[in-house]
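Notes to accompany the following structure.
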Amino acid sequence: MTQAVLEVNQLTKRFQRFCLDHVNFSLEEGCITGFIGTNGSGKTTTIKSILGLVVKDSGRIRLFGEDLNKNERKLKDRIGFVMDEGYFYENLTLKAMKNVLAAAYSQWDEAVFLSYIKRFKLDLKQKIASLSKGMRMKYAVALALSHHADLLIMDEPTSGLDPLVRSELMDILLEFMQEEGKSVFFSTHITSDLEKIADMLILIDHGQIIFEEEKDELLETHVRVKGDNAWINEETRGLFLSVRQSPYGFEAVTNQRDNVRAVMPEAVIERACIEDIMLAYIGGDHDAD
Amino acid sequence: MKIIIQNRSNQPLYQQIKDQIKQAIMTNALEEGERLPTIRALANDLHVSVLTTKKAYAELEAEGFITTRVGKGSYVAPENLELLIESKRKMVEEKLLAACRMARQLGIEKSALHEMLDLLFEEEDER
């Protein structure tokens, strides 16, 4: 687990109204990394740049320790990907679409594919256009996992899906991870999915990486604090990443639990969830929008 | 083996896992040579990150409680008597230290503490 499976270095992409600004991060082998941020924060652009679906302005991407530009075909053979929408031909049957994609991979494994189709109760004769959102995601996952990929990249795989299908997907990811040397990178704005399965978290906002942290450490070092409005003053405010006040008291998120405890011995200190932490880091900015 | 994670505890998760595995080894709930779950399997079962279980195993290995063979997994290390005695002593020492501090805070003298200890030992023996 020492080698980085994916290294993104100074990735920059300018659009008229949005800019991916010198993005740096790396994924550790054997880990599930969650890529979080609000809609429009740059998650999809980052993923598309990695996959070459968007042409980057500058920056370097290394996969499995090698430069992507130099060995694109060989390296992409080891990636499976699931995009949020539209890279299937709607009028094809599942089988015909599979035949198109399977041809692109040197290690396509029909038996694995068929076992997923059976497990997900999909019908190969059906047209893509007639698939429900959940079925479509399952089909995409079946395709992504049938060529012995080492890295699975997914863009918002769970958005718009019901909790049952989401939890099924999480189980599949955990199964995939049982084999040594596998890694998963997926973006989402549904942070509760990550609560269960992520090892690392990367937060992006306005095209910039805000943090890249171990999930458990993040949850250990950040807490939610509640208490009396009278305790909030210029000095104590600095202890918090964000403070929300109501007429009855305040609610805040901090990464300085001990200092807060010292100045506010009676404060209620609770475990924070990923969503609390994410909003604490990006919240202020968005209010100003 | 029993491992219970407390989310409300101030102790880091990896520490909790490490301590409980250590205890299982010291009480022979985990026996010498026994295979430990893989870091991924343990992480899934405990709902923690694989990085956390990895950290716990790494420290257990550094302290000599388990050995890891690449590609084969982790096992409870052959019993090292000295290490075992030392760890057991350390556990008791920690509890005694807490008792000493509390006694000092409450103004209980050292001699009274000695008496208490003797008495407690006798009571336990009689049982």
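The listed protein sequences correspond, in order, to chains A and B.
The numbers in my numbering rise by one with no breaks, and the one at position 164 of the first sequence is 164.
The numbers in my numbering rise by one with no breaks, and the one at position 63 of the second sequence is 63.
Positions of the beta carbon are idealized from the N, C-alpha and C atoms, including for glycine.
- prompt: Taking Cβ positions, are Phe185/A and Leu53/A nearer each other than 8 Å?
  reply: no
message: Please identify the residue among Asn69/A, Phe64/A, Gly65/A whose C-alpha is closest to the C-alpha of Val55/A.
response: Asn69/A
- request: Measure the Cβ-Cβ separation of His222/A and Gly37/A and say whether it is below 8 Å.
  value: no
query: Roughly how many angstroms separate the alpha carbons of Cys100/B and Ile108/B, rounded to a whole number?
result: 9 Å
- prompt: From Arg35/B to Arg17/A, what distance separates their C-alpha atoms?
  reply: 56 Å
field: Interface residues of chain A facing Arg8/B [CB-CB closer than 9 Å]
entry: Glu270, Arg271
field: Which listed residue (Glu29/A, Glu110/A, Glu7/A) has its alpha carbon closest to that of Ser183/A
entry: Glu29/A
message: Just to confirm my understanding: we take Met200/A, look at its own chain, exclude 5 residues before and 5 after, and list those with CB closer than 8 Å. What are they?
response: Leu27, Glu28, Cys31, Ile32, Thr33, Gly34, Glu212, Glu213, Glu214, Lys215
message: Considering only the alpha carbon of each residue, which of Leu145/A, Asn99/A, Tyr105/A lies closest to Leu124/A?
response: Asn99/A
- request: Use the C-beta contact count for Ile39/B: other C-beta atoms within 10 angstroms, 16 or more gives buried, fewer gives exposed.
  value: buried
- prompt: What residues of chain B sit near Glu214/A, judged by a beta carbon separation below 7 Å?
  reply: Ser49, Leu51
field: Minimum length 4: unbroken alpha helix (DSSP H) runs contained in the stretch 32-98 of chain B
entry: 39-46, 50-62
query: Does the separation of the CB atoms of Leu6/A and Leu63/A fall below 8 Å?
result: yes
- prompt: How do the stretch 71-79 of chain A and the stretch 134-152 of chain A stand: do at least 3 beta-carbon pairs fall below 8 Å, yes or no?
  reply: yes
task: Give me whichever residues DSSP pairs with Gln208/A in a beta bridge.
output: Asp205/A
message: Which residues of the stretch 149-160 of chain A have a Cβ closer than 9 Å to any Cβ of chain B? Give them in chain order.
response: none
field: CB contact below 8 Å: Asn80/B versus chain A
entry: no
message: Considering only their Cβ atoms, is the gap separating Glu32/B from Pro78/B smaller than 8 Å?
response: yes
field: Nearest residue (CA-CA) to Leu279/A, options Ile210/A, Gln256/A, Val263/A
entry: Ile210/A
- prompt: Apart from the five residues just before and just after Lys196/A, which ones in its own chain have a Cβ nearer than 7 Å to its Cβ?
  reply: Met170
- prompt: What does Pro37/B touch in chain A if you count any residue whose Cβ is under 8 Å from its own?
  reply: Under the 8 Å cutoff, chain A gives no residues; its nearest Cβ is about 11 Å from Pro37/B.
Ile128/A vs Tyr89/A beta-carbon contact at 8 Å: yes
query: In chain A, which residues lie less than 7 Å from Asn44/B when you measure between Cβ atoms?
result: Leu174
Three-state secondary structure assigned by DSSP to His286/A: Unreliable positioning characterises His286/A in this predicted model, as indicated by a pLDDT of 42, which lies under 50. A coordinate reading is not provided.
field: Beta-carbon separation (whole angstroms), Leu42/B vs Gly64/B, contact threshold 8 Å
entry: Contact doesn't hold; Cβ gap of about 20 Å is too wide.
Among Glu168/A, Asn9/A, Lys13/A, Ser58/A, the one whose alpha carbon lies nearest that of Phe25/A: Asn9/A
Below-8 Å beta-carbon distance, Gly34/A vs any chain B residue: no
- prompt: Measuring CB to CB, does Ser41/A end up less than 8 Å from Leu11/A?
  reply: no
message: If you measure between the beta carbons of Val253/A and Ser242/A, is that distance less than 8 Å?
response: yes
task: Whole angstroms is fine: what's the gap from Phe19/A's alpha carbon to Lys90/B's?
output: The residue asked about is misnamed: residue 19/A is Cys in this sequence, not Phe. Roughly 56 Å separates the two Cα atoms.
- request: Pick helix, strand or coil for Asp276/A, following the three-state DSSP scheme.
  value: helix
message: Among the candidates Ser49/B, Asn28/B, Thr27/B, Ala29/B, whose CA atom is the shortest distance from the CA of Ile5/B?
response: Ser49/B
message: Tell me which residue opens and which closes the alpha helix (DSSP H) that Lys138/A is part of.
response: 133-144
message: What does the alpha-carbon distance come out to for the pair Glu59/B and Gly73/B?
response: 15 Å
- request: Go through its chain and collect everything with a Cβ distance to Gly160/A's Cβ below 7 Å, but skip five positions before and after it.
  value: Lys133
- prompt: Which of the three DSSP states, helix, strand or coil, is assigned to His22/A?
  reply: strand
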